[in-house]
Amino acid sequence: VDKSSQRLTIAIQKSGRLSTESIALLQACGFRFSLHEARLLAHSSNQPVDLLRVRDDDIPGLVMDGVVDLGLVGENVLEEVRLERKATNISYDFTRLRALEFGQCRLSIAVPKEDNYQGLADLQGKRIATTYPYLLQNYLQQQGISASNAILTGSVEVAPRAGLADAICDLVSTGATLEANGLIEKEVIFRSQAQLIQRPGSLPAAKQAIVDQLLPRIDGVQMAKE
Ligand code: ATP
Ligand code: ZN
């Protein structure tokens with residue numbers, strides 16, 4: 012990415028639960044894109060705007076490092092990366108421009124159905140499998156509970172049955188995955204939706220002008236949907 016470029020670069024999830032609505036929102040705001048499956052970068056045909064399509068986990072860091080100008084990402088991933096960077100002394104500055112009305116989900120702690128779970132104190136000294144170690148520890152610390160993490164990048168829900176952990180902390184939408192794995196949701200630790208974020212520092216005037224045009228359009232699109 013050419014940082015001196017006057018084209019506004021927006022990072023979105025390449026393929027996953029945020030992709031369709033991220034592109035739909037930008038298109039509804041008047042940006043035209045032709046997306047080629049294999050390409051990382053997509054140029055708008057009617058505005059000096061480029062889309063960078065990446066894994067959602069990479070979006071907060073790309074924005075915080077100023078590699079891209081804007082990013083659309085779930086607050087869960089944003090907050091996890093922010094906490095991780097804060098703990099490891101990497102800059103975690105960014106500006107939140109808008110909360111977006113899609114990507115709603117919650118991060119919850121679930122335990123095996125057969126456990127006689129009474130409350131958070133039952134997790135004291137236990138091991139909890141998660142892909143969100145910082146959000147989990149941040150929450151447990153606030154609640155005065157000390158538990159250890161089993162950090163997995165996927166298949167978190169099978170960890171208790173596999174003997175890797177006593178409980179899990181994972182994103183929940185319907186609860187069907189938990190149910191299928193003999194788990195039951197007990198504590199919601201974080202509620203999330205997609206966010207539009209901007210890199211730290213000021214943008215060159217040409218890019219700022221596009222952002223100034225984009226924000227009221229987003230508000231209009233979101234208002235129309237209500
Ligand atoms: P990637 O390959 O980009 O890393 P992923 O597998 O981590 O993808 P997805 O499952 O596509 O991620 O979820 C992306 C984001 O969508 C989540 O981090 C969360 O913010 C949001 N999300 C999760 N579950 C739902 C849901 N049921 N409905 C809407 N949004 C969701
Ligand atoms: Zn991801």
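Residues in the sequence shown are numbered consecutively from 12, following the numbering used here.
From the three backbone atoms N, C-alpha and C, an ideal C-beta is built for every residue, glycine too.
Tell me which same chain residues have a C-beta within less than 8 Å of the C-beta of residue i, skipping the five on either side of it?
i	result
T141	L147, N160, A161, I162, L163, V167, I179, C180 and D181
V88	D67, D68, I70 and P71
S45	A53 and S56
Q17	P59, P215, A217 and K218
Kindly indicate which three-state DSSP category residue i falls into: helix, strand or coil?
i	result
R64	strand
G231	helix
L89	helix
P123	strand
I208	strand
A53	strand
L134	helix
L73	helix
I118	One detail in the question is off: residue 118 reads as Leu in this sequence, not Ile. L118: strand per DSSP, three-state reduction.
L175	coil
L94	helix
L46	coil
L214	coil
Considering only residues of the same chain and omitting the five flanking positions on each side of residue i, which have a CB-CB separation below 7 Å?
i	result
K97	Y103
G27	D67
S184	C116
E86	S203, Q204 and Q206
L175	A140 and A161
E198	S119, I120 and L131
Could you give the residue range of the beta strand (DSSP E) that holds residue i?
i	result
T164	Run containing T164: none; DSSP gives neither H nor E here.
S203	L194 to S203
Q24	L19 to Q24
A178	A178 to V183
L189	Looking at the DSSP string, L189 is not in any beta strand (DSSP E); the run it does join, the alpha helix (DSSP H), is A187 to A191.
T106	T106 to A110
T245	Limits of the chain in this structure are 12 at one end and 237 at the other, which puts residue 245 out of reach.
Between which two residues does the alpha helix (DSSP H) holding residue i run?
i	result
V79	Note, V79: premise wrong, no alpha helix (DSSP H); not H, not E.
A10	No answer is possible for residue 10: it lies beyond the span of the chain, which begins at 12 and ends at 237.
N149	P144 to Q153
To the nearest angstrom, report how far apart residue i and residue j are at their CA atoms.
i	j	result
E32	Q206	12 Å
I21	Q135	42 Å
K236	G82	22 Å
G165	V65	18 Å
L37	R107	17 Å
S157	A132	9 Å
S213	F105	11 Å
D76	R210	7 Å
S119	Y128	14 Å
L94	L151	14 Å
L225	E48	25 Å
V101	E91	What sits at residue 101 in the sequence shown is Ile, not Val. I101 and E91: Cα-Cα distance of roughly 13 Å.
Leaving aside the five residues before and after residue i along the sequence, list all residues of the same chain whose C-beta is less than 6 Å from its C-beta, in chain order.
i	result
P171	P123
D177	K137 and R138
A39	V232
R109	L207 and I229
S30	Q24
F114	According to the sequence as given, residue 114 is Gly; it is not Phe. Once the five neighbours on either side are set aside, the close Cβ partners of G114 are L29, G85, Q204 and A205.
V79	T20, A22, L63 and L73
F42	S55, Q58 and V60
Touching by the beta-carbon criterion (3+ pairs, under 8 Å), the stretch 182 to 201 and the stretch 120 to 131: yes
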